[in-house]
Each structure stands twice: as structure tokens, then as C-alpha cells.
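> Have a look at this one before I ask anything.
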Amino acid sequence: MSAWYLATVLALGAAPANEDESRSWTVFADKVYTAAGDPLDGGTVEVSNGKISAVSPGGSAGDAKLSVAAVTPGLIDLSARIHGGTQSVEQASETIAHLSTLDGLDRFVEDWNRQARNGVTCVMASTYDDAVIGGLSIALKTAGGDALAERIVKTDVALRAAMGQQPSQRNHPAAGRPTDFFSRRPTTRMGVEWTLRDRFFEAAYSKQDAARAFPGSDVLLSVLAGERPIAMQAWSTQDIRTAIFWKEEMEREGFGRPKLILDAAAEAWKEPELLARSGAAVVLPPHPAQGRTGEGSFMALDTAKLLFELGVPFALSGHNAIEKSSQLALQPGYAMRGGLPFDAALQAVTITPARMIGIEKRVGSIEVGKDADLVLWNGKPFEATSRVVGVLVDGRLILDPRAQSTEQGEAK
Amino acid sequence: MLLNTVRNAALRSTFTVLAFAVTAAVALAQDRIAIKAGRIITQSGPEIQNGVIVIENGRITAIGADVKVPWDVTVIDGSKMTAMPGFVEAHSFRGMDRPNENVDVAPFLSVRDSIDPIAFYFEECLRYGITTINIQQGNNCVVGGQGLVVKPFGLTIEEMLVRPDAGLKLSATPKFGFSSATQAQALRNAFGELRRHLEQLVADAKDGKDRARREALFQGRDLEGEKGKGKPMAGSAWKVDGLELVARGEVDQKQEPLLDLVEGKLNAYFYCGRAMDVRTALEVARENGFLARTTLVVDGSCWKAAAQIAEAGVPIILGAPLVVIERDPITGKESEVFAPAKFQEKGVRIAFSSSNSTTESLWFQAATAVANGWPREKALEAVTKNPAEFLGLGKRVGSLEVGKDGNVVLCSGDPLSITSTVQYVVIEGKQVYDRSKDIRVKSLVEGKLPAGTTPMGGDAEAGHVHDDGCGTIGHTDAQDEKKDEKKEDKKDGDEKKGDGR
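Chains as they are written, first to last, in my numbering: chain E, 345 to 756; chain U, 2 to 502.
Below, the structure is given as C-alpha cells:
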């Protein structure tokens, strides 16, 4: 991993010290939603060398290079699900905590561009959930430099895990049939839970008994120590309970205080008190039209509102949807339909997910010194009547709002 | 056109039923209803602030800001809401037990026999403010059955019926297992069959072989009514001479609807899933003389044939999604096209359809058009006025004005806002939906059902129900698992394409 860090440092170091024209902009918007305090009614965001250099009220459309109806921070998706699918996940073991998602990422799939042009500027990439403990996730930009290294915001931001059916779905026991690659366990939901607990107990005991260490046990220890969160897929209520009970067990045993992020926690609304008590954070899956979503779970429309009222930190996600109606840019809208206030909805796709994985110093809000990741809108953000017309990633203009108006053609 | 159809004996019975239904409705609906609304989007003039709509016997009798609420009417108080005409779904194949038959050419079928009045779809329509639906057979056909225009309310087809002769479904896109060439051939052959059949009848008549007629003459009776009369073939594209020699009752019932189409008594809804299908559809319609009565049901990707469509002068029903994603076959790079703009450039008349989707229901389609630069009024027209016109119901639905059907939707806010919800729906003067009493909305929003209600979407016996507190929603795991798998597979496939390999 250090090689990547080095590459990043080198890439940044190689950037010219003088003003980089292509990464410096003046953006004027009728509304500037900073996600750090009240929105500005008519404001200017100055971008120089890929960073936000000034945010000020006032200014005018005439002086700005880019002028739009509204600007928000770039959207952040902790459950973007851009991975190579089943091909990208190591099947040799159910616990592959020592592997990094980075090594399995294809920077050239179109998914990155699709995310970027729809306003998602930063994602957490994780392995496909075919393993119980899936590997180290990485935070990276969806656009920007050509080299993957240039896009990395932070490596090893979280450990990926999955409860429920998915990790065991393709497994079957060897009994009664010829042993093949898929003859592996666990084969049930209970087995998945056992694998998780077993590995964490082993890792914890390896502190005293080095012989019990295994590849990745150091990563598990770092999770127990709270150094990085564990992002665990848990769609339905029993998976959420499993995850929370695991967390509480680890604390009871004195192994540490793991930071738990429940990913795709559609049924978080079912036992809100348990959730609030646990101190876990939540990433909600895309809003389903008729409530029913992954692994048979049911997500009520007011889930986000409920979490907000309980003070549970939560983020929204887009799951790499191709249809506009399911993408991240509209998710805050659906949450608002369920009663969530606008400001909370904005935070759930910007600063909150950034905080969850510890990258809030670089991204997640419009503040001086932060990366110039901006989304430009032609109307009120997150409304179906508005569209992402411009996107800046690290000050680079990925989608040009000036080209948009002519290309799409105004109605005559 | 409407009256012409009466001549068709098969449809005449429908009208009788309809007439009865109307009489019954009139007898019952002596009560009047008034709707107070903070804002009324009329679609027939400027918006009205703090107005009143009075509906009597199913029709709007007064609308305006200065209209007084009569003392003896039921009042729906929407003074903090926005009223608008109900959305018109221009083409849908939901609400039926199965959208398609296994028969390639099946103009003799009617969706009448397939619509399930208690289908969940109709309930969903009310929830999203759709008050008129053109139900047509699915797209997986060569010549499909006859459609109906219905309202999503009523326990029988007769109650739901708005227009019985909604037209015939055809498809230029290959049916499952067909190639484009087979499909085009099958389309042409359907009309060829008809022609051969008619010619045979004429030849038989000339040979004195029309037994039914001779028998009737011999017995001294006329063949029943219209069907007994021979008359020359109408329609301009092609004619079978001597058809007047043949009693219309002789025409094979399986072929009759196609003859109606050719003779100008039925409209056609012609599906084109790809731009290349447009040519086939237009050609078949032109060859058989029903181009002027054709509406194309198109996918967004058909924008590449916009010029052809404009030249033919036919309107289109444009399905979701309106923003089409196109992939470069070499680089795999995606680009987005807002299809309505391309059609509009060429002057094509457009109605949006939700393509049976709930996530992309008609409000969402109109909102998408606004997001892509269309003025609101125009976007709303594409889901109200325009489809109403294409369905031949321009004088009945699609806008709020005196004399039109009392189809009113009351929204909590702006109808195109993502945070707005439909609060009340009134169809022909009857309040048919009240969100505060919608049990399922409660479960969708809060996930809770009133005690004692069966959990939705899952059968407590067959499926797995979470036993975690009374009244919460359970589900069947097995069904959803399958769905998830499919979705996952599809995604994987897409990703591979995205690689451009």
C-alpha cells in the first residue's frame, strides 16, 4: 500500500506550484449549499489549483466563469458498489481481511464516469459481498487524474463485511457431491455469523498467543481497536441485530470498541432503540418504490427521518444504479418525501458519509481549503425537476454546465 | 370516428352496456361535489389561486376563483393543496393477468377479457394521480388484441370503462424468438391473409358458393342486421373489389378487427422498441391505409428516427426513461440524450408514458422534462392534454374546464415536486382516493399496519414473517431472493458491456 501513498505524494508534488488554469474557477450560484452552516443566497465559490480558496456571499453571474442555480458539495457514496462483481472477490477464504479492494479495481469501467456525471464525486469502493469479511475498502474520487493513484482520497478506510444470505449464497457443503471450488462453508445465515465471531475471537486471542494469528488478523485487531470502522452489509432486521450483538459482544469481552457502519440497512426502522443504543452508523440503500428491497427486506419511506430524529448518523447511497430515478442525486429527495428536512438530507450525502470514514478534512462540504468537488444544479438540489448540470472534481471540470444548455436544447 | 364504430356489430354490444352504465351512474350521482383548492392548474388557461371546482353528474359545471360553493354539496377541502387534471397514461399493459398471448396475430382478442379490476396496479395509479389509462396488449406480439381506455376505479370492467374501442396493438419490434425480418414478414402477412380471405369470399360469392346467404334467402330471412348487408370495401390503401357481394357476416371473426383497422374504424398503437422498427411500422401502416390513425409507442432510442416520424405526421407515446443512455460500441463510453428534445426539434407531437414503472410514474416523467429544460406547462401537457387527445378523449379529460369529466387530483404541494404526495383523487365527480385512509401508504411510509391486518407482500402461511413485534411487515424470502439474483446477473452483464470487451 505504501507504494500507492508514494505515488500519490509524487503526483501531488509534481503539480506545478503556479496557478493551474484548468483547475481554477469562479462559481456563482443563486444558492450555495455548503453543508457547513446555512446556505448562502447568492454566493461565489472560488476554486484555485483544485482547492476551494474562498466562499463568499454576493458576487454576480456576470463575473463568474460558471453560473448556475445551485451548488452543493460533491456527493459521497459509501455504498457505490463499483466492483468487478463475483470475479473480483477472492473465494479462497471467507475472511480475506488482508486483501485490499484497490488491487481489484478497474479504473476504466464506465461506472466511474456515470457516477461522476451524476454528481457523485467520491465513493468508498468495497469488495463484492461474497465473503463474510471481505477486505479493505478504499475512498477515491470518481474522476480526475488518469492514474488510479491520483484519485485515492484514503486507502484502507474501512473493513468490509457482510451478514445475511449473500456470503453463503453460492456455497454448498461437499457432502454428497464431488468436492469443487464452491464446496465451502458457511452455507447458512447462522454460519455467516459464526464465521464473523470466530475470526474476531481468534484475532483477539492472537494478541496473547501469536500462533493463533492468521492473514488479516492484524486488520481485525485494528477494527477492534476502533482505528477504522467495519462496514457491514445488513439488509434485514435480523442481520442488523446480529451486527449489533456482535459489536456488543466484542465490547463485553473487552476486545475493544469497534466502530460499526451498517450498510444497506433497509430495516433500520424496525428496532430504532436498539440501533440508537448501539452507537452504530447507518448507510441506507436506494429508496425502493414499493418498500421491498434487497434480501427481501422492507424499507419504509420515513426511515431516514426516523434515524435523524434518533440522532443516529446515517448516509444515503445509490448502489451504482443506472436509472436516474435510483441514483444518489435523487435519494435525498425521497428521504425528504419521507419527512427528512432538507439540511439533514444534504448532509446525508456529503459531510456525514465523509465523517463516517474519516475523510471529512478533504471532502464533504464547501469550505476553504477543502478539495474543490462541487455539484452544480439547474434548480433546487435533489428535486426531480432539477438536474446535475455541472461537476467539478479536484477543480477539474468533469461536466460543463455551459455545454449542457445548448446540447440538451431548450424547448421552443 | 367514434360513431362509425357503432356500425361494427361486435362493438355495438359494448355500447349498449356502456349506455346502461351511464344511465345507472346518472341515476345515482345526483349528488354534487365541490373541491376547494389553494391553487388550480387547469391546463386550459392561467392558474387559479384559491378557487373552487364544482362537479355535477360527473362533469365540471363551474371552475374559478369567484365560484361559490353551493350549500348542498359535499366539499373536499384542499385550500392548502394544488388541484390539477388527473394524469393520463397513454399506454400501459399492467392490470392484466398476462400482457401477451402466445398467438402472433390475435386482433380478435380484447384486453376486456384480461383486465383484473382489483389488480394492485389500479390502486397504484390512484396513489400517483393517474385517472385515465389506455390499456393495450403487451409489446411481445405481431398484431395484438384490442385495447380499452379505463379509469382505475370500479369493480367491473363496465364500471371502469371510458372508451371501448381504444384501438389495436401492433408491434414492429421482433416478438420473442423472431428476427426483424420475420417480424416484418409476419406483419405484412397478417394483412395479406386478410386480403386473400376477402378475395376468396368474393370469388365464392361470384361462384354462388356463399351458402349462408343463399340459405337465408331461401328461408326468406335476412342475415342479421348489419352483418347481412354486403357493402363495398372502404379504406384507401387497397381494396378488394366486389366485397359488396359478400354479407359482412361471412367475414371470419378472427379477421374482422383487421378489416376494421384497414377500413378506418379502429386506431392503431404501433410499438417500436428501436429506431430501425419505425420504418417497418410506418410502411405497414401506410401500405394498409391506417397511418393517419396510428400512434407510435416508442422507446427513447427511437429519437434517431424522429425525422421519419415527423414526416409521417404521427404522434408518439414516449416511454421511460426519457434520458437515453447510449454506449459507444468501441470505447464503451456512455452518453446521455434527452429524447423529447430530439423529437420536438422535428415537430413530433409527444405524450409521455411511465412504461408501467412506478418509480418513473407520470409525475416523474414530467419532472424529468422540466429538469431538462422544458417549461412546466408543456411538460404537464405531455402527461395530460396530449395523451387525452391521442386517445380521442380531448373533449373529456386532460384539463379542467366546464363540461369536461370531473377528474381532479389534489396534491399536497406542487405536483412535480418530489416531496409532494397525492392527497385526494376525484374521478367523474366521485372521491375515489383519500391518502389519509390509504392503509398501504401507511405501511409504505411508516412500515406499520393496523393491528389485525395481513402483512403486505407476503403470505403469512407460505412465507417467512418476521416475528418482531406485532403489526410490522413480513416478507417471503424465496421470491425476493430470485429477484435479487436476476438483478445482480443483469448488472454483471452490463458491466461487461461497459468494458467494451
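Every residue gets a Cβ at the ideal spot worked out from N, C-alpha and C, and that includes glycine.
These figures come from a predicted structure and were not determined experimentally.
Relative to chain U, which residues along the stretch 433 to 457 of chain E have a C-beta separation below 9 Å, given in chain order?
Under the 9 Å Cβ criterion, the stretch 433 to 457 of chain E contributes Asp450, Phe452, Val453, Glu454, Asp455 and Asn457.
> Give the secondary structure of U/Phe88 by DSSP, where H, G and I count as helix, E and B as strand, and everything else as coil.
As a working mapping, residue 88 of chain U is identified with position 87 in the second sequence. U/Phe88: strand per DSSP, three-state reduction.
> Does chain U have any CB closer than 8 Å to the CB of E/Met507?
Within the first sequence, numbered from 1, the residue matching residue 507 of chain E stands at position 163. Closer than 8 Å: no.
> From the DSSP output, in three-state form, read off E/Val737 for me.
On the first sequence, position 393 is the one that residue 737 of chain E refers to. In this structure, E/Val737 counts as strand in the three-state DSSP scheme.
> Using a Cβ cut-off of 8 Å (strictly closer), state whether E/Glu617 contacts chain U.
In the first sequence, the residue the question calls residue 617 of chain E occupies position 273. No, because no Cβ of chain U sits closer than 8 Å to the Cβ of E/Glu617.
> Between which two residues does the alpha helix (DSSP H) harbouring U/Ser172 extend?
Numbered from 1 along the second sequence, position 171 holds the residue referred to as residue 172 of chain U. Where U/Ser172 is concerned, there is no enclosing alpha helix (DSSP H), although the beta strand (DSSP E) it sits in stretches over Leu169 to Ser172.
> The alpha helix (DSSP H) that contains E/Trp538, what's its start and end?
Within the first sequence, numbered from 1, the residue matching residue 538 of chain E stands at position 194. From DSSP, the alpha helix (DSSP H) with E/Trp538 extends over Arg533 to Tyr549.
> By DSSP, does U/Ala26 sit in helix, in strand, or in coil?
The residue labelled residue 26 of chain U in the question sits at position 25 within the second sequence. Since pLDDT at U/Ala26 reaches only 45, below the 50 mark, its modelled position is unreliable, and the value read off the structure follows with that caveat. Reduced to three states, the DSSP call for U/Ala26 is helix.
> So the candidates are E/Asp385, E/Thr532 and E/Asp364; which of them puts its Cα closest to the Cα of E/Gln510?
Here residue 510 of chain E refers to the residue found at position 166 of the first sequence. Of E/Asp385, E/Thr532 and E/Asp364, the residue nearest in Cα terms is E/Thr532.
> What does the alpha-carbon distance come out to for the pair U/Thr43 and E/Leu410?
The residue you call residue 43 of chain U lines up with position 42 of the second sequence. The residue you call residue 410 of chain E lines up with position 66 of the first sequence. Approximately 37 Å, taken between the alpha carbons.
> For a quick check, are the C-beta atoms of U/Gln147 and U/Tyr270 less than 8 Å apart?
Taking the second sequence and counting its residues from 1, one reaches residue 147 of chain U at position 146. Taking the second sequence and counting its residues from 1, one reaches residue 270 of chain U at position 269. Their beta carbons are not under 8 Å apart, which means U/Gln147 does not touch U/Tyr270 by this criterion.
> State the CB to CB distance for the pair E/Ala483 and E/Val497, rounded to an integer number of angstroms; the pair is presumed to be in contact (CB under 8 Å).
Sequence index remark: in the first sequence, residue 483 of chain E carries index 139 (1-based). Sequence index remark: in the first sequence, residue 497 of chain E carries index 153 (1-based). With a Cβ gap of about 4 Å, E/Ala483 and E/Val497 count as contacting.
> Among U/Pro165, U/Ala293, U/Asp208 and U/Lys347, whose alpha-carbon lies nearest the alpha-carbon of U/Glu264?
Numbered from its first residue, the second sequence carries residue 264 of chain U at position 263. The shortest Cα separation from U/Glu264 among U/Pro165, U/Ala293, U/Asp208 and U/Lys347 belongs to U/Ala293.
> In terms of residue numbering, what span does the beta strand (DSSP E) encompassing U/Ile351 cover?
Along the second sequence, one-based indexing puts residue 351 of chain U at 350. That run of the beta strand (DSSP E) goes Ile351 to Phe353.
> Would U/Phe418 count as contacting chain E if we go by Cβ distances under 8 Å?
Here residue 418 of chain U is taken as the residue at index 417 of the second sequence, counted from 1. The displayed chain sequence assigns Ser, not Phe, to residue 418 of chain U. Answer yes: the Cβ-Cβ gap between U/Ser418 and chain E drops below 8 Å somewhere.
> Between which two residues does the beta strand (DSSP E) harbouring U/Met234 extend?
Working through the second sequence from its first residue, we reach residue 234 of chain U at position 233. Taken as a continuous stretch (DSSP letters only), U/Met234 belongs to no beta strand (DSSP E), as it is neither H nor E.
> Can you check DSSP and say which residues form a bridge with U/Gln366?
The residue labelled residue 366 of chain U in the question sits at position 365 within the second sequence. U/Gln366 is not bridged to any residue.
> Which two residues bound the contiguous alpha helix (DSSP H) that contains U/Phe391?
Numbered from 1 along the second sequence, position 390 holds the residue referred to as residue 391 of chain U. Element bounds for U/Phe391: Lys386 to Phe391.
> Can you name the start and end residues of the alpha helix (DSSP H) that U/Ile158 belongs to?
Indexing the second sequence from 1 puts residue 158 of chain U at position 157. Where U/Ile158 is concerned, the enclosing alpha helix (DSSP H) stretches over Ile158 to Met161.
> When you compare only the Cα positions, how much space is there between U/Lys240 and U/Tyr425?
Counting from 1 along the second sequence, the entry for residue 240 of chain U is found at position 239. Counting from 1 along the second sequence, the entry for residue 425 of chain U is found at position 424. Approximately 52 Å between the Cα atoms of the pair.
> Would you give the residue range spanned by the alpha helix (DSSP H) that E/Arg621 belongs to?
Here the question's residue 621 of chain E lines up with position 277 in the first sequence. Segment Pro616 to Ser622, the alpha helix (DSSP H) holding E/Arg621.
> Using CA atoms only, rank isn't needed, just tell me which of U/Glu402, U/Ser418 and U/Gly333 is closest to U/Ala367.
Sequence index remark: in the second sequence, residue 367 of chain U carries index 366 (1-based). The candidate whose alpha carbon is nearest that of U/Ala367 is U/Ser418.
> Since I believe U/Asp300 is in contact with U/Gly333 (beta carbons under 8 Å), could you give me their beta-carbon distance rounded to a whole number of angstroms?
Mapped onto the second sequence, residue 333 of chain U falls at position 332. Mapped onto the second sequence, residue 300 of chain U falls at position 299. Not confirmed; about 21 Å, so no contact.
> Are the C-beta of E/Tyr668 and some C-beta of chain U separated by less than 8 Å?
For the purposes of this step, residue 668 of chain E is taken as residue 324 along the first sequence, with counting starting at 1. The sequence given here has Lys at residue 668 of chain E, not Tyr. Chain U contact via Cβ: present.
> Taking the alpha-carbon positions, what's the U/Arg71 to U/Val143 distance?
Here residue 71 of chain U is taken as the residue at index 70 of the second sequence, counted from 1. Here residue 143 of chain U is taken as the residue at index 142 of the second sequence, counted from 1. Going by the sequence as given, residue 71 of chain U is Pro instead of Arg. Near 53 Å, if we compare the C-alpha coordinates of U/Val143 and U/Pro71.
> Rounded to the nearest angstrom, what separates E/Asp583 and E/Ala493 at their Cα positions?
If you number the first sequence from 1, residue 583 of chain E lands on position 239. If you number the first sequence from 1, residue 493 of chain E lands on position 149. C-alpha separation (whole angstroms): 35 Å.
> Are E/Ile396 and E/Ile695 close, meaning C-beta to C-beta below 8 Å?
What you label residue 396 of chain E is simply residue 52 of the first sequence in a count that begins at 1. What you label residue 695 of chain E is simply residue 351 of the first sequence in a count that begins at 1. No.
> Determine whether the Cβ of E/Trp369 lies closer than 8 Å to any Cβ atom of chain U.
The sequence position of residue 369 of chain E within the first sequence is 25, counting from 1. Not closer than 8 Å to any Cβ of chain U, the Cβ of E/Trp369 fails to qualify, so no.
> In chain order, what residues of the same chain have a beta carbon less than 7 Å from the beta carbon of E/Ala747, not counting five sequence neighbours either side?
Within the first sequence, numbered from 1, the residue matching residue 747 of chain E stands at position 403. Closer than 7 Å at the Cβ level, and outside the excluded window around E/Ala747, lies no residue.
> Output needed for E/Lys724: all residues of its chain with C-beta closer than 7 Å, excluding positions within five of it in sequence on either side, in chain order.
Indexing the first sequence from 1 puts residue 724 of chain E at position 380. Cβ neighbours of E/Lys724 beyond the five flanking positions: Ala414 and Ser730.
> Consult DSSP for E/Ala679 and reduce its assignment to one of helix, strand or coil.
Within the first sequence, the letter at position 335 stands for residue 679 of chain E. In the structure shown, E/Ala679 sits in a helix (DSSP, three-state: H, G or I).
> So, with DSSP's three-state summary, where would you put U/Phe339?
The count along the second sequence starts at 1 and reaches residue 339 of chain U at position 338. In the structure shown, U/Phe339 sits in a strand (DSSP, three-state: E or B).
> Give every residue of the same chain whose Cβ lies closer than 7 Å to the Cβ of E/Leu650, excluding the five residues on either side of it in the sequence, and list them in chain order.
Here residue 650 of chain E corresponds to residue number 306 of the first sequence, with the count starting at 1. Excluding sequence neighbours, E/Leu650 sits near Trp613 and Pro616.
> So, does the CB of E/Gln634 fall closer than 8 Å to a CB anywhere in chain U?
The residue given as residue 634 of chain E occupies position 290 in the first sequence. For E/Gln634, the answer is yes, since a Cβ of chain U falls inside 8 Å of its Cβ.
> Are the C-beta of U/Ile134 and some C-beta of chain E separated by less than 8 Å?
Residue 134 of chain U sits at position 133 when you count from the first residue of the second sequence. So, not an interface residue.
> For the putative contact between E/Asp474 and E/Arg514, defined by C-beta atoms under 8 Å, what is the C-beta separation to the nearest angstrom?
Against the first sequence, residue 474 of chain E aligns to sequence position 130. Against the first sequence, residue 514 of chain E aligns to sequence position 170. Contact flag correct, Cβ pair sits at about 6 Å.
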